[in-house]
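Enquirer:
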Amino acid sequence: GLLVGNEERDDAAVLDLGDGTAVISTTDFFMPIVDDPEDFGRIASVNAISDVYAMGGRPILAIAILGWPIGQIPPEIANRVIEGSRNACSEAGIPLAGGHSIDSPEPIFGLAVTGRVELQHLKRNAGAQPGALLYLTKPLGVGILSTAQKKDKLQAAHSTLARDSMIRLNEIGTTFGKLPFVQAMTDVTGFGLLGHLVEMCEASGVSAALAMSQVPLLDREALMYYLTEKCIPGGTGRNWESYGHKIGQLTEVQRSLLCDPQTSGGLLVAVDPLEKEAFENTAAEHGLRLDPIGQILARDAGEPLVQVHE
-8 GLLVGNEERD DAAVLDLGDG TAVISTTDFF MPIVDDPEDF GRIASVNAIS DVYAMGGRPI
52 LAIAILGWPI GQIPPEIANR VIEGSRNACS EAGIPLAGGH SIDSPEPIFG LAVTGRVELQ
112 HLKRNAGAQP GALLYLTKPL GVGILSTAQK KDKLQAAHST LARDSMIRLN EIGTTFGKLP
172 FVQAMTDVTG FGLLGHLVEM CEASGVSAAL AMSQVPLLDR EALMYYLTEK CIPGGTGRNW
232 ESYGHKIGQL TEVQRSLLCD PQTSGGLLVA VDPLEKEAFE NTAAEHGLRL DPIGQILARD
292 AGEPLVQVHE
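Residue numbers for the sequence shown follow the working numbering, so the first one is -8 and each next one is one higher.
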């Protein structure tokens, strides 16, 4: 039967196949966030596949979703978008096995992705226990940099920062799925780090504390500069409006970073504190140097769901 569906607010739908394994199904698509067609296809695909990794699963198949303004943008450019998608899929070891396209006023691209997972390795955004350490596998700041690019304020030195992060697959999620001491996992996307942490806390019946100085940023100096230049995505304010009342006191800079909507962001992982070393070693074996960014706490009705300190 259906293990994870709409009610759970998790990363993907999960169907128990009755033989100790489950099928994972997810979709994501959006309008261009970068100018380069290949990069657009690749980022949209990495972003869609991420939801399978966030459940501890392994992707097995993808089909494409394409909307294209026929007669306005040449079809060759759509082919380049699909080529970028093929690159991402082949890096993930899956076929891009079909899809559907429509005539639309704006370009749209994304994937529907199918994955599988052994039930014992399924990770949800629920299950985080008080004391657990929190880790984030990709730095924040993609939204700010993308907005700087839209406003033609992005400096050449920073031109690939966001792109290089967004095209990186979260395939380490499959490895984390196999670790029994990983209690909960989700990917950080449009709601920003705080929004996805709030979801994890609510699903797990806990609260959390974040250490701002430990939260990885793409380039702190660059992000500070773009914040003074008012390169703040519209999504940041909308995010804060939807869950700000659940958060302790924040400075304006903290809010702009922690609510920054990510595209193809990293994995947020809650880990048994007794297995800190084992977890960090596993990450290091896969080329990731991770340090805790915060901790899960017992829920206290009088306190904010998430508190942030320096």
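Beta carbons are placed, not taken as given, at the ideal position from N, Cα and C, and that holds for glycine. Since the model is a prediction, treat every value here as computed from it, not as a measurement.
In the DSSP assignment, the beta strand (DSSP E) including GLU109 goes from what residue to what residue?
Expert: Numbered from 1 along the sequence shown, position 118 holds the residue referred to as residue 109. Run containing GLU109: 99 to 109, per the beta strand (DSSP E) assignment.
Enquirer: Which residues does DSSP list as the beta-bridge partners of GLY90?
Expert: Your numbering for residue 90 matches position 99 in the sequence shown. Beta-bridge pairing links GLY90 to ALA55.
Enquirer: Could you check what DSSP says for GLY(-8) in three-state terms: helix, strand or coil?
Expert: The residue given as residue -8 occupies position 1 in the sequence shown. Correct three-state label for GLY(-8): coil.
Enquirer: In whole angstroms, what separates the C-alpha of VAL244 from that of ALA261?
Expert: Taking the sequence shown and counting its residues from 1, the one referred to as residue 244 is at position 253. Taking the sequence shown and counting its residues from 1, the one referred to as residue 261 is at position 270. For VAL244 and ALA261, the distance between alpha carbons rounds to 25 Å.
Enquirer: On the CB-based measure, 16 or more other CB atoms within 10 Å of its CB, does THR254 come out buried or exposed?
Expert: Stepping through the sequence shown from its first residue, residue 254 is reached at position 263. With 16 or more other Cβ atoms inside 10 Å of its own Cβ, THR254 counts as buried.
Enquirer: Going straight from the alpha carbon of PRO28 to that of TRP59, what length do you get?
Expert: Sequence index remark: in the sequence shown, residue 28 carries index 37 (1-based). Sequence index remark: in the sequence shown, residue 59 carries index 68 (1-based). One C-alpha to the other measures close to 12 Å.
Enquirer: With distance defined between alpha-carbon atoms, name the residue in LEU(-6), ASP26 and VAL206 nearest to SER137.
Expert: For the purposes of this step, residue 137 is taken as the residue at position 146 of the sequence shown. For the residues LEU(-6), ASP26 and VAL206, the minimum Cα distance to SER137 belongs to ASP26.
Enquirer: Would you call the stretch 185 to 193 and the stretch 109 to 126 touching, i.e. three or more CB-CB distances under 8 Å?
Expert: yes
Enquirer: Identify, in the order they occur along the chain, each residue of the same chain with its Cβ nearer than 7 Å to the Cβ of GLY225, setting aside the five sequence neighbours on each side.
Expert: Stepping through the sequence shown from its first residue, residue 225 is reached at position 234. Answer for GLY225: no residue qualifies.
Enquirer: Please name the residue in LEU218, LEU296, LEU113 and LYS142 whose C-alpha comes closest to that of ASP42.
Expert: By one-based count along the sequence shown, residue 42 stands at place 51. When only C-alpha atoms are compared, the closest one is LEU113.
Enquirer: Just to confirm, are ILE145 and ALA200 a CB contact at a threshold of 9 Å?
Expert: Numbered from its first residue, the sequence shown carries residue 145 at position 154. Numbered from its first residue, the sequence shown carries residue 200 at position 209. According to the sequence provided, residue 145 is Leu. The question's Ile does not apply to it. No, Cβ-Cβ distance for LEU145 and ALA200 is not below 9 Å.
Enquirer: I need the DSSP call for HIS277, collapsed to helix, strand or coil.
Expert: Counted from its first residue, the sequence shown places residue 277 at position 286. Coil.
Enquirer: Looking at the secondary structure, which residues open and close the beta strand (DSSP E) in which LEU201 lies?
Expert: Locating residue 201 in the sequence shown gives position 210, counting from the first residue. Per DSSP, LEU201 belongs to the beta strand (DSSP E) from 197 to 202.
Enquirer: Apart from the five residues just before and just after GLU220, which ones in its own chain have a Cβ nearer than 6 Å to its Cβ?
Expert: As a first step, residue 220 must be located in the sequence shown, where it is residue number 229. So the list reads LYS144, once near-sequence residues are dropped.
Enquirer: Can you look up PRO295 in the DSSP assignment and give me helix, strand or coil?
Expert: Along the sequence shown, read from residue 1 onward, the residue named residue 295 stands at position 304. PRO295 falls in the coil class under three-state DSSP.
Enquirer: Per the contact definition of three or more C-beta pairs closer than 8 Å, is the stretch 89 to 96 in contact with the stretch 224 to 242?
Expert: no
Enquirer: For GLN140, does the three-state DSSP call read helix, strand or coil?
Expert: Locating residue 140 in the sequence shown gives position 149, counting from the first residue. Residue state for GLN140 is assigned as helix, using DSSP reduced to three classes.
Enquirer: I'd like to know whether the C-beta atoms of LEU248 and HIS187 end up nearer to each other than 9 Å.
Expert: For this step, residue 248 is matched to residue 257 along the sequence shown. For this step, residue 187 is matched to residue 196 along the sequence shown. No, Cβ-Cβ distance for LEU248 and HIS187 is not below 9 Å.
Enquirer: Looking at the unbroken beta strand (DSSP E) that takes in PHE21, where does it start and where does it end?
Expert: Mapped onto the sequence shown, residue 21 falls at position 30. Bounds of the beta strand (DSSP E) holding PHE21 are 12 to 21.
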